[in-house]
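What follows is a short report on a single structure.
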Amino acid sequence: MNTLSYGFIIPCYRHGTVLGTVLAQLAPFGFPLIVVDDGNDAAEQDLLAQAIAPYPQVTLLRHETNRGKGVAMVTGMTKAQELALSHVIQIDADGQHDVTALPQMLKLSAQEPQALISGLPQYDDSIPTGRLLGRYITHFWVWVETMSFDIKDSMCGMRIYPLPDSLTQSRLSGHYMDYDTEVMVRLYWQGHPVRFVPVKVSYPQDGHSNFRLFQDNVKISLMHTRLVATGLWRLITMPFKRTAKQGATAERQQLPRVATVAQQQGTTGAQQQEAAATHWAQEPERLGLWGMRIMIWVYKLLGMWAFTLLLYPVIAVFYCTAKPQRAASAQFLSLVRKRRRALGMTDLRDPSVFKHFYNFGLTLLDKVASWQGDIKLGHEAVFAPRSEQVLSFPPKQGRLLLVSHLGDIELCRALVATGKMRPVTALVFHENAQRFTAIMQAFAPNSTLNLIALKDFGPELMIDLKERLERGELIAIAADRLAVPQANSATHRVLEVDFMGQKAPLAQGPFILATLLKCPVMAMFALREGTRRVIYAHELRSAVKVARAERQAFIQALAQDFAQLLEQHALTHPYDWFNFFDFWQQGTTTTTHG
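Written as structure tokens, this is what we have:
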């Protein structure tokens, strides 16, 4: 919809005596006028009819019973869409708002058609003290729910909504006095800017208010509870909601010249798309900056107990709705149980998918706590026996660090800022690099963590990595994931390894990188054990000097050794496994044999 077209929506309940004045103020704008009679009685209906009579441009819609402002707005927006309007202007029927601010609001709307333009109330002395206090309480919760101060007021009844998104979000929002705030927050979450224009607001002494002290305060409280929980749910489930297109874009950037090969005969485009979609969890650290702010605010303002308490309903909703991830968790826990029995280990009693999801949620808290400096080595985080010695290598001899999505390796990245760990250069997808750079600049500006986006793997990057190794740094790369094949390739070249008693594919890229860098290779895991986080470090190869003829055998052996360590820790820490997809069937692959 290229042409901007506006119309007014006026929800009206028990304001028939002042509706005529409001219509007289709005008629000169020349826009369609939609009045929604929200269940008025016969006497009020007569007043509405008298007010509307002089204005043929008015469309009157009627609810048989009072259903609330939110439902009235949905009814009005639905009609506005039938009229092919691009925007609707909501204005309350009580006559409290100064409509002289509308031209400036319309000007802003034309400049930013996707923005929600709202009045910013400028009160006179007529505002009741209790109403003013209530607004400030709502302001606080909106700041928490959006993790920003962008929304200066969420309760003003004069605003301009862009269609059709506003109708979609209105259907998800509260029906009564909770509507205005909730729909604004939800539109903000969807990426719509919110802009404000000062509007004078007065409360006439003989004016009538539809605010119900007890019922509406309860609804507003429930609305804020719902928004906080929904915000956390969005945060938790964000890593699970990658589209196939996003997956293909991001994954193509993992060592493209090393890890991908030409097409395999007979693989269809549909199979490529399915392979991409399978990898929903390729980026468990894929948290938006706003999401990290939500976590930090909840954690800092209310403490760990509040975060862990709010996590239960969030995970409960995700548990009920995430069928593929639930199946993947159940599959993994079943294999762990079978493998532990085969090895004579203690049985995994009562495997719990919910506990598995909940542990993933707790890693989000660990990210915040570690970046805030609340997790310290020697206290909340400790080295496993001999692990500190493994990390005590000569200062000018760096290491390639193979990591995984078992546990929270992000904890180790954050602990670098304490100065008690070697600097880590993390090889990540380009999108991750942008996101983590923003997060680190905002919350850990002194961190020594470096991020390199793998947009192109060439000689310049190799030189850079070798220089970092000569400075004694750790070069970290995830070794437990497959990249989605490039557009002209339908396969992965993988290494087949034994894992949990079955054959599993690992991408060649990280292990080939070891032969290119020719440096010692380590593996590291950060796992929860009770209230502590335990860091395990293992030396996989003390030196890498491989003849060309022996390179494939070396790569295969290194991958198998890594898989063995991965299995060892996954068996003892099954609820720290955060690959929520079928790890053993990761789409179309081409297996490389040694």
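Per full-length UniProt numbering, the very first residue in the sequence shown carries number 1; after that it's consecutive.
For every residue, glycine included, the Cβ atom is placed at its ideal position computed from N, Cα and C.
Since this is a predicted model, take the numbers as computed values, not measurements.
Residue i burial status per 10 Å Cβ neighbour count (16 or more: buried)
i: G344; result: exposed
i: V218; result: exposed
i: S148; result: exposed
i: A42; result: exposed
i: E550; result: exposed
i: M155; result: buried
i: S392; result: exposed
i: T425; result: buried
i: M462; result: exposed
i: G407; result: buried
i: K323; result: exposed
i: S542; result: exposed
i: F140; result: exposed
Residue closest to residue i, alpha-carbon to alpha-carbon, out of the options
i: Q389; options: R226, I535, P505 and Y161; result: I535
i: M304; options: T531, P54, V494 and R399; result: T531
i: L301; options: G458, L495 and E145; result: E145
i: D153; options: L227, A115 and Y136; result: Y136
i: L474; options: I409, G398, D464 and P510; result: G398
i: Y179; options: L163, V201 and H224; result: H224
i: F499; options: L335, P394 and T3; result: L335
i: P113; options: S5, E470 and L348; result: S5
i: L47; options: I315, G20, C320 and D350; result: G20
i: S202; options: L120, R468, P164 and L227; result: L120
i: V99; options: V199, D150 and L167; result: V199
i: K376; options: L102, K338, R413 and P351; result: R413
i: T78; options: S170, D150 and D124; result: S170
i: R422; options: A553, P395 and K545; result: P395
Coil, strand or helix - residue i by DSSP
i: R413; result: helix
i: N579; result: coil
i: K545; result: coil
i: Y203; result: coil
i: W584; result: coil
i: R67; result: coil
i: R337; result: helix
i: F525; result: strand
i: N40; result: coil
i: K396; result: coil
i: H192; result: coil
i: Q50; result: helix
i: L172; result: coil
i: Q96; result: coil
i: T572; result: helix
i: R62; result: strand
i: T531; result: coil
i: F383; result: strand
i: A369; result: helix
i: residue 600; result: With the chain covering 1 to 594 only, the question about residue 600 has no answer from this structure.
i: L406; result: strand
i: M147; result: coil
Bridge partner(s) assigned by DSSP for residue i
i: K323; result: According to DSSP, which records beta bridges pairwise, K323 is partnered with nothing at all.
i: G7; result: V88
i: H15; result: Paired residues: none, contrary to the question.
i: Q122; result: K200
i: P162; result: H87
i: Y536; result: F525
i: K496; result: Checking the displayed sequence, the identity of residue 496 turns out to be Glu instead of Lys. The partner list for E496 (beta bridge, DSSP) reads P505.
i: V390; result: Note: V390 sits in no beta bridge, so no partner.
i: A476; result: L401 and A426
i: I34; result: I9 and T59
i: A553; result: Answer by DSSP bridge pairing: none, since A553 is not bridged.
i: N450; result: T425
i: Y116; result: It is Leu, not Tyr, that sits at residue 116 in the sequence shown. Answer is V194.
Near the ligand FMN: residue i beta-carbon under 8 Å from a heavy atom
i: Q96; result: Judged by which ligands are present, the structure shown has none, so any question about the ligand FMN falls away.
Short CB-CB distance (under 9 Å) between residue i and chain C
i: I9; result: The structure shown contains no chain C; it is built from a single protein chain.
| query | Would you call the region 506-524 and the region 363-377 in contact, with 3 or more CB pairs under 8 Å? | reply | no
| Counting pairs of beta carbons, one from the region 570-589 and one from the region 325-343, are three or more of them closer than 8 Å? | yes
| said: For the pair the region 176-192 and the region 64-73, tell me if three or more CB-CB distances fall below 8 Å. | reply: yes
| query | Any contact of the region 7-16 with the region 86-96, i.e. 3+ C-beta pairs under 8 Å? | reply | yes
| request: State whether the region 399-415 contacts the region 470-481, with contact taken as three or more CB pairs (one from each stretch) at a distance under 8 Å. | output: yes
| message | When you compare the region 52-68 with the region 29-37, are there three or more beta-carbon pairs, one atom per stretch, that lie closer than 8 Å? | response | yes
| said: Under 8 Å, with one C-beta from each stretch per pair, do the region 562-570 and the region 491-510 reach the 3-pair mark? | reply: yes
| said: With three or more beta-carbon pairs closer than 8 Å as the criterion, would you say the region 353-363 touches the region 375-384? | reply: no
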